[in-house]
Amino acid sequence: MVRPIVKDDATRNITMSVIVGLVGGLYVARALHKRAKKT
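Numbering (numbering that gives the first Met the number 0), first residue to last: 0 to 38.
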């Protein structure tokens with residue numbers, strides 16, 4: 000049984016927040032790394 004998860008708004012919001020969090024974390028880590036190298 001495979002259900003379309005897109006229909007569930009709560010699950011969709013959680014998935015989106017997780018993805019955004021991961022991408023944001025990577026971006027921040029890169030920015031901090033660049034800053035550390037510059038200084």
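The C-beta atom is built at its ideal place from N, Cα and C for all residues, glycine as well. In this text, all values refer to a predicted model and were calculated from it rather than measured experimentally.
For His32, same chain residues with a beta-carbon under 8 Å away, outside a window of 5 residues either side, do not exist.
Spanning the alpha carbons of Arg34 and Ala9 requires a straight line of approximately 37 Å. Between the alpha carbons of Gly20 and Lys36 lies a distance of about 24 Å.
When DSSP states are grouped into helix, strand and coil, Asp7 belongs to the coil group.
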